[in-house]
Amino acid sequence: MLLTEIPLIIARELGVKPAQVSATTTLLDDGNTVPFISRYRKEATGELNEEQIRTIEERCTYLRNLVKRQEEIISIISEQGKLTPELEASINAAVKLQELEDLYLPFRPKKRTRAQIAREKGLEPLAEIMLAQTMLTGDAAQVAAEYINPEKEVQSADIALAGAMDIIAETISERADIRVLLRKELWLSGEIATELAVSETEGQAFLNYREYREPIKRMPSHRILAVNRGERKNILKVSLLSPHENNIALVTRQIIQNTSIF
(Lines of atoms letter the chains of each structure in order from A and count residues from 1; the text may use other names and numbers.)
(Lines give C-alpha, C1' and ligand atoms only; values in the text may rest on other atoms or scores of the structure.)
Protein backbone atom coordinates (compact mmCIF):
# COMPACT_ATOMS: atom_id res chain seq x y z
CA MET A 1 0.00 0.00 0.00
CA LEU A 2 1.15 3.53 -0.78
CA LEU A 3 0.32 6.64 1.22
CA THR A 4 -1.34 8.05 -1.89
CA GLU A 5 -3.81 5.14 -1.87
CA ILE A 6 -5.16 5.98 1.59
CA PRO A 7 -7.73 8.60 0.45
CA LEU A 8 -9.03 6.15 -2.17
CA ILE A 9 -9.44 3.36 0.40
CA ILE A 10 -11.22 5.55 2.96
CA ALA A 11 -13.44 7.11 0.28
CA ARG A 12 -14.51 3.66 -0.86
CA GLU A 13 -15.26 2.61 2.73
CA LEU A 14 -17.36 5.71 3.44
CA GLY A 15 -18.97 6.07 0.04
CA VAL A 16 -17.58 9.59 -0.48
CA LYS A 17 -15.19 11.16 -2.98
CA PRO A 18 -11.39 10.81 -2.57
CA ALA A 19 -11.10 14.60 -2.85
CA GLN A 20 -13.29 14.98 0.24
CA VAL A 21 -11.04 12.63 2.19
CA SER A 22 -7.88 14.39 1.00
CA ALA A 23 -9.24 17.81 1.94
CA THR A 24 -10.28 16.53 5.37
CA THR A 25 -6.93 14.91 6.13
CA THR A 26 -5.14 18.11 5.09
CA LEU A 27 -7.27 20.11 7.54
CA LEU A 28 -6.62 17.55 10.29
CA ASP A 29 -2.88 17.55 9.59
CA ASP A 30 -2.92 21.34 9.92
CA GLY A 31 -4.16 20.94 13.50
CA ASN A 32 -7.85 21.65 13.04
CA THR A 33 -10.21 19.74 15.34
CA VAL A 34 -13.03 17.51 14.15
CA PRO A 35 -15.83 19.79 15.51
CA PHE A 36 -14.19 22.86 13.91
CA ILE A 37 -13.89 21.18 10.51
CA SER A 38 -17.46 19.90 10.71
CA ARG A 39 -18.91 23.33 11.50
CA TYR A 40 -16.70 25.77 9.64
CA ARG A 41 -15.08 23.91 6.74
CA LYS A 42 -18.11 22.34 5.09
CA GLU A 43 -17.19 23.81 1.71
CA ALA A 44 -13.75 22.18 1.81
CA THR A 45 -15.00 18.76 2.97
CA GLY A 46 -18.08 18.63 0.78
CA GLU A 47 -20.52 18.79 3.69
CA LEU A 48 -19.08 15.84 5.62
CA ASN A 49 -20.59 15.45 9.07
CA GLU A 50 -18.69 15.09 12.34
CA GLU A 51 -19.00 11.30 12.44
CA GLN A 52 -17.59 10.95 8.92
CA ILE A 53 -14.70 13.29 9.70
CA ARG A 54 -13.87 11.40 12.89
CA THR A 55 -13.90 8.12 10.96
CA ILE A 56 -11.56 9.64 8.38
CA GLU A 57 -9.24 10.74 11.19
CA GLU A 58 -9.20 7.27 12.77
CA ARG A 59 -8.81 5.36 9.51
CA CYS A 60 -6.13 7.69 8.20
CA THR A 61 -4.08 7.25 11.38
CA TYR A 62 -4.52 3.47 11.21
CA LEU A 63 -3.58 3.19 7.54
CA ARG A 64 -0.58 5.51 7.88
CA ASN A 65 0.68 3.32 10.72
CA LEU A 66 0.05 0.29 8.51
CA VAL A 67 2.13 1.73 5.67
CA LYS A 68 4.93 2.62 8.09
CA ARG A 69 4.90 -0.91 9.51
CA GLN A 70 4.91 -2.40 6.00
CA GLU A 71 8.04 -0.43 5.19
CA GLU A 72 9.70 -1.49 8.45
CA ILE A 73 8.92 -5.17 7.93
CA ILE A 74 10.08 -5.16 4.31
CA SER A 75 13.34 -3.53 5.38
CA ILE A 76 13.94 -6.04 8.20
CA ILE A 77 13.22 -9.11 6.07
CA SER A 78 15.30 -7.68 3.21
CA GLU A 79 18.26 -7.26 5.57
CA GLN A 80 17.85 -10.92 6.52
CA GLY A 81 18.14 -11.81 2.83
CA LYS A 82 14.78 -13.59 2.91
CA LEU A 83 12.53 -11.16 1.04
CA THR A 84 10.94 -12.71 -2.05
CA PRO A 85 8.80 -10.87 -4.63
CA GLU A 86 5.78 -12.93 -3.52
CA LEU A 87 6.29 -12.08 0.16
CA GLU A 88 6.80 -8.39 -0.61
CA ALA A 89 3.58 -8.37 -2.64
CA SER A 90 1.69 -10.02 0.24
CA ILE A 91 3.06 -7.48 2.72
CA ASN A 92 2.10 -4.56 0.49
CA ALA A 93 -1.37 -6.04 -0.06
CA ALA A 94 -2.12 -6.36 3.68
CA VAL A 95 -4.90 -4.04 4.85
CA LYS A 96 -4.87 -4.98 8.54
CA LEU A 97 -2.05 -4.74 11.07
CA GLN A 98 -2.82 -8.25 12.36
CA GLU A 99 -2.54 -9.65 8.85
CA LEU A 100 0.78 -7.84 8.48
CA GLU A 101 2.15 -9.19 11.76
CA ASP A 102 1.13 -12.72 10.76
CA LEU A 103 3.25 -12.39 7.61
CA TYR A 104 6.17 -11.07 9.64
CA LEU A 105 5.96 -13.71 12.38
CA PRO A 106 8.30 -16.32 10.78
CA PHE A 107 11.00 -13.65 10.43
CA ARG A 108 10.58 -12.00 13.82
CA PRO A 109 13.60 -12.37 16.16
CA LYS A 110 12.60 -14.84 18.86
CA LYS A 111 13.98 -16.68 21.83
CA ARG A 112 15.80 -19.94 21.14
CA THR A 113 12.97 -22.37 20.51
CA ARG A 114 12.88 -26.15 20.33
CA ALA A 115 12.56 -25.80 16.56
CA GLN A 116 15.69 -23.64 16.39
CA ILE A 117 17.59 -26.18 18.47
CA ALA A 118 16.43 -28.92 16.09
CA ARG A 119 17.61 -26.88 13.11
CA GLU A 120 21.01 -26.47 14.76
CA LYS A 121 21.13 -30.27 14.99
CA GLY A 122 20.68 -30.54 11.22
CA LEU A 123 17.10 -31.84 11.30
CA GLU A 124 15.47 -29.29 8.98
CA PRO A 125 15.96 -31.46 5.85
CA LEU A 126 14.12 -34.29 7.62
CA ALA A 127 11.30 -31.92 8.54
CA GLU A 128 11.05 -30.81 4.90
CA ILE A 129 10.81 -34.44 3.75
CA MET A 130 8.05 -35.10 6.27
CA LEU A 131 6.11 -31.96 5.28
CA ALA A 132 6.42 -32.77 1.57
CA GLN A 133 4.45 -36.01 2.18
CA THR A 134 5.87 -37.60 -0.96
CA MET A 135 7.28 -40.75 0.68
CA LEU A 136 4.33 -43.13 0.53
CA THR A 137 6.29 -46.35 1.10
CA GLY A 138 9.27 -47.30 3.22
CA ASP A 139 10.22 -47.10 6.88
CA ALA A 140 10.06 -43.75 8.69
CA ALA A 141 12.59 -44.85 11.31
CA GLN A 142 15.04 -45.89 8.61
CA VAL A 143 14.77 -42.50 6.91
CA ALA A 144 15.19 -40.69 10.23
CA ALA A 145 18.19 -42.85 11.13
CA GLU A 146 20.19 -41.04 8.45
CA TYR A 147 20.07 -37.95 10.67
CA ILE A 148 21.47 -39.61 13.79
CA ASN A 149 24.41 -37.54 15.03
CA PRO A 150 25.60 -38.24 18.60
CA GLU A 151 27.87 -35.18 18.48
CA LYS A 152 24.74 -33.03 18.17
CA GLU A 153 22.78 -35.08 20.71
CA VAL A 154 20.71 -36.90 18.10
CA GLN A 155 21.30 -40.42 19.40
CA SER A 156 18.37 -42.20 17.76
CA ALA A 157 15.82 -42.10 14.97
CA ASP A 158 13.10 -41.28 17.50
CA ILE A 159 15.02 -38.21 18.67
CA ALA A 160 15.52 -37.14 15.05
CA LEU A 161 11.80 -37.51 14.35
CA ALA A 162 10.88 -35.59 17.50
CA GLY A 163 13.18 -32.71 16.52
CA ALA A 164 11.77 -32.64 12.99
CA MET A 165 8.26 -32.50 14.46
CA ASP A 166 9.28 -29.47 16.53
CA ILE A 167 10.32 -27.72 13.31
CA ILE A 168 7.08 -28.71 11.58
CA ALA A 169 4.98 -27.50 14.52
CA GLU A 170 6.65 -24.09 14.48
CA THR A 171 6.39 -23.82 10.69
CA ILE A 172 2.67 -24.56 10.74
CA SER A 173 2.01 -22.25 13.69
CA GLU A 174 3.62 -19.36 11.79
CA ARG A 175 1.66 -19.77 8.56
CA ALA A 176 -0.38 -16.62 8.07
CA ASP A 177 -3.22 -18.39 6.23
CA ILE A 178 -3.69 -20.93 9.01
CA ARG A 179 -3.65 -18.25 11.69
CA VAL A 180 -6.44 -16.42 9.85
CA LEU A 181 -8.54 -19.59 9.69
CA LEU A 182 -7.95 -20.36 13.37
CA ARG A 183 -9.07 -16.86 14.35
CA LYS A 184 -12.28 -17.34 12.37
CA GLU A 185 -12.84 -20.69 14.07
CA LEU A 186 -12.20 -19.09 17.46
CA TRP A 187 -14.78 -16.42 16.70
CA LEU A 188 -17.36 -19.01 15.62
CA SER A 189 -16.90 -21.57 18.39
CA GLY A 190 -14.77 -19.99 21.12
CA GLU A 191 -15.99 -18.99 24.56
CA ILE A 192 -14.88 -16.58 27.26
CA ALA A 193 -14.87 -18.08 30.76
CA THR A 194 -14.29 -16.07 33.92
CA GLU A 195 -13.99 -16.74 37.63
CA LEU A 196 -13.14 -14.62 40.64
CA ALA A 197 -9.44 -14.37 41.47
CA VAL A 198 -10.24 -12.79 44.85
CA SER A 199 -12.83 -13.27 47.58
CA GLU A 200 -16.46 -12.42 46.89
CA THR A 201 -16.13 -9.46 49.24
CA GLU A 202 -13.20 -8.01 47.28
CA GLY A 203 -14.83 -8.83 43.96
CA GLN A 204 -18.26 -7.47 44.85
CA ALA A 205 -18.49 -5.38 41.68
CA PHE A 206 -17.83 -8.43 39.48
CA LEU A 207 -20.00 -11.11 41.11
CA ASN A 208 -21.90 -11.54 37.84
CA TYR A 209 -18.69 -12.99 36.41
CA ARG A 210 -17.66 -15.34 39.23
CA GLU A 211 -18.68 -18.44 37.21
CA TYR A 212 -19.40 -17.09 33.77
CA ARG A 213 -19.16 -18.50 30.24
CA GLU A 214 -20.40 -17.06 26.98
CA PRO A 215 -19.68 -17.59 23.27
CA ILE A 216 -17.39 -14.85 22.00
CA LYS A 217 -19.59 -14.03 19.01
CA ARG A 218 -22.57 -13.32 21.30
CA MET A 219 -20.81 -11.12 23.85
CA PRO A 220 -22.00 -7.51 23.71
CA SER A 221 -19.37 -4.80 23.94
CA HIS A 222 -20.33 -3.72 27.46
CA ARG A 223 -19.67 -7.22 28.82
CA ILE A 224 -16.35 -7.45 27.00
CA LEU A 225 -15.33 -4.13 28.56
CA ALA A 226 -16.44 -5.31 32.02
CA VAL A 227 -14.44 -8.54 31.72
CA ASN A 228 -11.38 -6.63 30.49
CA ARG A 229 -11.68 -4.23 33.41
CA GLY A 230 -11.96 -7.07 35.92
CA GLU A 231 -8.92 -8.79 34.46
CA ARG A 232 -6.85 -5.58 34.52
CA LYS A 233 -7.70 -5.13 38.20
CA ASN A 234 -6.68 -8.75 38.90
CA ILE A 235 -10.19 -9.44 40.20
CA LEU A 236 -11.17 -11.82 37.40
CA LYS A 237 -9.31 -14.76 35.97
CA VAL A 238 -10.20 -14.94 32.28
CA SER A 239 -9.83 -17.98 30.02
CA LEU A 240 -10.29 -18.31 26.28
CA LEU A 241 -11.87 -21.66 25.43
CA SER A 242 -11.84 -23.19 21.98
CA PRO A 243 -12.79 -26.74 20.91
CA HIS A 244 -9.40 -28.39 20.45
CA GLU A 245 -10.80 -31.00 18.08
CA ASN A 246 -12.08 -28.31 15.69
CA ASN A 247 -8.67 -26.64 15.58
CA ILE A 248 -6.86 -29.93 14.96
CA ALA A 249 -9.30 -30.82 12.17
CA LEU A 250 -8.88 -27.40 10.56
CA VAL A 251 -5.07 -27.60 10.57
CA THR A 252 -5.15 -31.20 9.37
CA ARG A 253 -7.28 -30.25 6.36
CA GLN A 254 -4.78 -27.56 5.42
CA ILE A 255 -1.63 -29.65 5.89
CA ILE A 256 -2.29 -33.34 5.20
CA GLN A 257 -2.22 -34.09 1.48
CA ASN A 258 -1.15 -37.74 1.34
CA THR A 259 -0.91 -40.71 3.67
CA SER A 260 2.88 -40.69 3.85
CA ILE A 261 5.03 -43.02 5.95
CA PHE A 262 5.33 -40.27 8.56
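Residue numbers are given in this note's numbering: position 13 of the sequence shown equals residue 9, and the series is strictly consecutive. Even for Gly, the Cβ is constructed at its ideal location relative to N, Cα and C. Just so you know, these numbers come straight off a predicted model, no measurement behind them.
- With at least 16 other beta carbons inside 10 angstroms of its own, A160 counts as buried.
- Taking all protein chains shown into account, D98 has 16 or more neighbouring C-beta atoms within 10 Å of its C-beta and is therefore buried.
- I212 has its alpha-carbon roughly 32 Å from the corresponding atom of M(-3).
- Its chain contains K117 as the residues whose beta carbon lies nearer than 6 Å to that of K148, once the 5 sequence neighbours on both sides are disregarded; these appear in chain order.
- Non-local beta-carbon contacts of L62 in its own chain, meaning distances under 8 Å to residues more than five positions away in sequence, involve M(-3), A90, V91, K92, L93, L96 in chain order.
- The DSSP-derived three-state label of N254 is coil.
- Shown here, S235 sits in a strand according to DSSP, grouped into three states.
- For the pair I52 and T29, the CB atoms are not nearer than the 8 Å cut-off.
- Following the DSSP letters along the chain, one finds A189 inside the beta strand (DSSP E) bounded by residues 187 to 192.
- Around the beta carbon of Y36, a 10 Å sphere encloses fewer than 16 other beta carbons of the protein chains shown; the residue is thus reported as exposed.
- Taking 4 residues as the shortest admissible run, the stretch 0 to 53 contains the following complete alpha helix (DSSP H) segments, listed from N- to C-terminal end: 2 to 10, 14 to 25, 30 to 36, 38 to 41.
- Its chain contains D98, L99 as the residues whose beta carbon lies nearer than 6 Å to that of A172, once the 5 sequence neighbours on both sides are disregarded; these appear in chain order.
- Taking the Cα positions, A114 is about 29 Å away from S86.
- In this structure, I155 is the residue among A136, Q138, I155, A137 with its C-alpha nearest to the C-alpha of N145.
- The beta carbon of I33 is closer than 6 Å to those of L23, I49 in its chain, skipping five residues each way along the sequence.
- Contact fails between the stretch 193 to 210 and the stretch 166 to 185, because fewer than three Cβ pairs, one in each stretch, are under 8 Å apart.
- The shortest CA-to-CA distance from A158 to any of T41, G77, T0, Q112 is the one to Q112.
- For V176, the three-state secondary structure derived from DSSP is helix.
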